[in-house]
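Undergrad: Questions regarding the structure given below will be posed in turn.
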Amino acid sequence: MKPWLRLIIYLVAAPVIGGLLAGWDRRVSARMQSRRGPPILQPFYDVLKLWQKKNLAVCFAQNYYILFFFLLIVFTGALFFAGSDLLLVIFALTTASIFFVLGAYKASSPYSFIGAERELIQIMAYEPMVLLTAIGMYMVTKTFYVHGIASHGGLLVLALPGVFLGFVFALEIKFRKSPFDLSFSHHAHQELVRGITTEFSGRTLALIEVAHWYESVFLLGWVYLFFASSPILGVAMSLLVYGFVVLVDNVFARLKWQTALTSAWAVTAVLGFGNIMVLSFQR
Amino acid sequence: MTLVPALVLLPFIAGLILLCVKAEWPRRALVLTVTAAVCAGSIVLACVPAPVDLAGLPLNRHWLNVAMTAIEVLMGLYILYVGVRARHFLIVALMVAQGAVMAWFEWLARADLNPGQALFVDKFSMVMALINGILGGGICLYALGYMREYHTEGHRDVPDRRPLFFALLFIFMGAMFGLVFADDLAWLFFFWEITTLCSFLLIGYTQTPEARRNALRALVMNLAGGLAFALAMAWFYRQTHSLGLQALIHSGHAVALLPAALLCFAGITKAAQCPFSSWLLGAMVAPTPVSALLHSSTMVKAGVYLILRLAPAITGTAVGLTVALVGGVTFLIGSLAAITTPEAKRVLAYSTVANLGLIVLCGGIGTCQAVWAGILLIIFHAAAKCLLFLSVGVVEHKLHSRNIEDMSGLVLYMPRVAVMMLIGMAGMSLAPFGMLISKWATLRAVVDACPLLSVFIVFGSGATLFFWVKWMGKLVEVVRPRNQVVKEISLDESVALYGLTLVTFLACLFFPLFSTQFIEPYVAGIYGQSASLGQGNTIIMVIMMAVVMLFPLSFLSKGRGVKLVDPYLGGANLRDASHFSGWCGQAESVTLHNYYMGGVLNEAWLSRLAVAGGAVLLAVMMAFAIL
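Sequence lines, in order, name chains A and B.
Here the numbering used here is used: the first residue of the first sequence is 59, the next is one more, and so on.
Here the numbering used here is used: the first residue of the second sequence is 15, the next is one more, and so on.
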């Protein structure tokens, strides 16, 4: 498939798939909690409703930060699906997250402020593992380009089992799922008002939601890369990983940020770096 | 090509004249003229094809060498005097040892009156000269306004010794020019020692007990480096009867390894790597222009310059690996330590130490990609860090505090300076700007050469992001309205600050040009092959840069249909939304405070770890070099 075709498919299909995944997440979570749960399409209804709401803000600038967060998240995914350099993709993702965080700082409410700090801690917690994942993939396939990694002959996960497990751990943080939903959570009982999104409303909040859909698809695309030589297995594993993340979300309560950070770094050091060490001795 | 010696001499002469100038306006005139001349000179030099032909210059005269030796002896005697007066016997011991080594060297070299070429200017020297000329010039300009305010408003108790201050700034700059142009190790050493002495005098400028103590610490650590340098010089001369830096680089591992290791040791002390990072942190007691000078254009850059120069001589050896490890450890520990402190200058200092660690890591790996990334790091770090230090200096004068927590809402009441700081920080931490590009290049170089070392970069860069963004957040957040500061910056300061902002901005925008015009030719000349990020990536980055640079435009338009409301505080808001009705209807005030990770990270513990780890690594490095 041509890169530009993949790009267009991503731009159109990612919000649909991401929204459906979010709806499925809510439905499954509800069933795990013995509730009936909303319809699968509920996230779309929510976003449409948010879009029609009055636009309230503490200051004008905060909405622009979120606009750029949205643009950069879409850009990140676009780079990924166009087959670009994986490290560049990570840096674009980080820049996007920084705009999100700065928007919350700008809103200047104590709750969004704490959310912003915690989001930063989460970035700090998962970024090493995400970078190590890119490095591990490079060591096996000799390229940082996503199209090169995707067309590699063997199953990457066989060479990178530790990195894969570490990456799933990092996804738990990146998806902001319990026990690492420090900055904002879907579980009201353990939330400080609404964390990082406290002061966002209307269209801005809708943009955050849609950006999250794009992001989910991009991250699952990355899971797919581990199994890229066998597409069916790849798609199945991506969905399975998503299911696993949802399951963990429902069986754990939120951890303290200290535990989140130290455990993430420990997992990165042991599983991620251990795997890299094995690979570099094999060379 | 008389421009090269002129660039070295002009600041020296200007410095000596400034020493005698007491009045304000002649000093101003002289500083302005010399700064303009030096900036222009370094830009002109950058346009000359490399390597510059210096054959016609009368530099091998006997009297010149005698004069340099005489100045060196005088400096040595002065340092001895300082050591004795302060009863700091380590200084005395190091100086005596250095004197003994130099005497041995002079005895070895007694018969040889005609060493090789003294100066050598290639693309790398040109980049360093540009940094030194433009950024150093900007700092001198800024110092005019800053020091006036420093003595008339902020620090009346400090004796006004501005003639000495400006003289030292210019001599420092001249020495740095000499250092990057020198090929003869004896010349290099001469300028190296001048920077040591100048930094000692500048750090101790205020003469408070703390300043004296920190100045002595800086002196003792740099003297240790000087001793290593002298040993390297004497040893290399004994082996090969030559003193050329180029000769050393090209003379093969068997001969060059020990002197190269000793020179790397000297570079590590000067670049404030573990275990020597404490001198640079202590140097903050000096007025801000000194910090800016030490951190961005001179001093520490001399250390990493030397290590990157020597990279071809140590690449692929155990010595190179340990140098890289020192850099990696310093990057990680420096980045983590920067999280723990709310003091703005201290955060900047830790970040300098960390970024220099990254450059040293590149030098230790020493492949063509790594050296390419290292030079790119030098450029971006110098520009952004200079801007940040000078902005913090301005804020410190207005707020009488260097605490980051006090800078809350700065974007509202000192908008210009706040925007400059944000640009500097974006340049240091955000993709697709300078430092991040360089970090990316470094990561690729490290993964190709030695994947295990990447662990330092991946953990360190997570930490880097945390402390930069929380600081940026502090600047943009607005809890309670405050009046705008009436006169933010004086004329000299604003010329320097706007200029530096422009330089940072242009450096980020035109980095591909820097790469193709300066860095790639230099790397290709040494390794026979060149490195770059690839054209496709560069294009993507320029697109991304354009997108991010559009962001400030969004502030021009107020959002349509957006209704402003007060933030939610957890109770009914009172007055201006900086207070809320709390328990029993009492008015509670809102304060926002950043995380410093007190429970997880501890500054003192980290610095002990840095000293221990660095010392062990250096011992291992010297053991490898000798065996």
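All C-beta atoms in this analysis are idealised placements derived from N, C-alpha and C, irrespective of residue type, glycine included.
1. In the structure shown, what three-state DSSP assignment does A:F238 receive?
2. Below 7 angstroms between beta carbons: does that hold for B:L211 and B:L108?
3. Take the Cβ of B:A54 as the centre, count every other Cβ of all protein chains shown within 10 Å, and call the residue buried at 16 or more, exposed below.
4. Could you give the residue range of the alpha helix (DSSP H) that holds B:E224?
5. Taking CB distances under 7 angstroms as the criterion, tell me whether B:L402 reaches chain A.
6. Tell me the DSSP bridge mates of B:G258?
7. Flag B:Y609 as yes if its beta-carbon sits less than 7 angstroms from any beta-carbon of chain A, otherwise no.
8. Pairing CB atoms from the segment 159-170 of chain B with CB atoms from the segment 113-123 of chain B, are three or more of them under 8 angstroms?
9. Go to A:L232, then tell me how far its alpha helix (DSSP H) extends in each direction, as first and last residue.
10. For A:V325, which option in A:S287, A:F227, A:L137, A:L69 has the closest C-alpha, if you only look at C-alpha atoms?
11. Apart from the five residues just before and just after B:A510, which ones in its own chain have a Cβ nearer than 6 angstroms to its Cβ?
12. Nearest chain A C-beta to B:N616 closer than 7 angstroms, yes or no?
13. Count the other CB atoms within 10 Å of the CB of B:V431; is the residue buried (16 or more) or exposed (fewer)?
14. Rounded to the nearest angstrom, what separates A:L144 and A:V204 at their Cα positions?
15. Could you pull the DSSP bridge partners for B:L391 from this structure?
16. For the beta strand (DSSP E) that B:F594 lies in, which residues bound it at each end?
17. Considering only residues of the same chain and omitting the five flanking positions on each side of A:A318, which have a CB-CB separation below 8 angstroms?
18. Which residue or residues does DSSP assign as beta-bridge partners of B:L133?
19. So B:S603 is in the beta strand (DSSP E); what residue range does that whole segment cover?
20. Taking the Cβ atom as the reference point for each residue, do B:A351 and B:M298 lie within a distance shorter than 7 angstroms?
21. Which chain B residues are close to A:L319, counting only those with a beta carbon under 7 angstroms from its beta carbon?
22. Enumerate in chain order the residues of its own chain whose CB-to-CB distance from B:F447 is below 6 angstroms, with the five nearest sequence positions on each side excluded.
23. Taking any Cβ of chain A, which residues in the segment 225-258 of chain B have a Cβ under 9 angstroms from it, in chain order?
24. Along chain B, which residues have their Cβ under 7 angstroms away from the Cβ of A:A150?
25. Inspect the CB distances between the segment 302-322 of chain A and the segment 240-254 of chain A and report whether three or more fall short of 8 angstroms.
26. Out of B:M635, B:W206, B:S595, B:G612, which has the shortest C-alpha to C-alpha gap to A:Q316?
27. Below 8 angstroms on the Cβ atoms is my guess for B:I57 versus B:L144; work out the distance and round it to an integer in Å.
28. Under a three-way DSSP split, which group does B:D420 fall into?
29. Contact defined as beta carbons within less than 8 angstroms: I believe B:G188 pairs with B:G29. What is the distance between those atoms, to the nearest angstrom?
30. Quick one: which chain A residues come within Cβ less than 8 angstroms of B:I379?
31. Enumerate in chain order the residues of its own chain whose CB-to-CB distance from B:L450 is below 8 angstroms, with the five nearest sequence positions on each side excluded.
32. Using 7 angstroms as the threshold, is the C-beta distance between A:Y272 and A:V132 below it?
33. Could you work out which residue in A:A115, A:L283, A:D307, A:S287 is closest to A:V221 when comparing CA atoms only?
34. Look up B:D580 in the DSSP assignment and say whether it is helix, strand or coil.
35. Please list the partners that B:G575 has in chain A, where partner means a Cβ-to-Cβ separation under 7 angstroms.
36. Going by DSSP, what residue range makes up the alpha helix (DSSP H) through A:L114?
TA: Taking the geometry as given:
1. coil
2. no
3. exposed
4. 223-254
5. no
6. B:D198
7. yes
8. no
9. The sequence shown places Lys at residue 232 of chain A, rather than the Leu named in the question. For A:K232, the enclosing alpha helix (DSSP H) covers residues 219-232.
10. For the residues A:S287, A:F227, A:L137, A:L69, the minimum Cα distance to A:V325 belongs to A:F227.
11. In its chain, beyond the 5 residues on either side, G152, L155, Y156 have a beta carbon closer than 6 angstroms to the beta carbon of B:A510.
12. no
13. buried
14. 6 angstroms
15. Partner(s): none; B:L391 has no beta bridge.
16. 593-595
17. I179, Q180, A183, I231, P237, F238, L240
18. According to DSSP, which records beta bridges pairwise, B:L133 is partnered with B:A196.
19. 601-603
20. No. Outside cutoff.
21. V614
22. A440, G441, C522
23. none
24. Close partners of A:A150 in chain B (Cβ separation under 7 angstroms): A445, M558.
25. yes
26. The residue among B:M635, B:W206, B:S595, B:G612 with its C-alpha nearest the C-alpha of A:Q316 is B:G612.
27. 7 angstroms
28. helix
29. Confirmed, about 7 angstroms.
30. In chain order: nothing, as chain A lies at least about 14 angstroms away.
31. S443, L444
32. yes
33. A:L283
34. coil
35. Going along chain A in sequence order, the residues near B:G575 (Cβ under 7 angstroms) are N113.
36. Premise fails: A:L114 lies in the beta strand (DSSP E), 113-115, not in any alpha helix (DSSP H).
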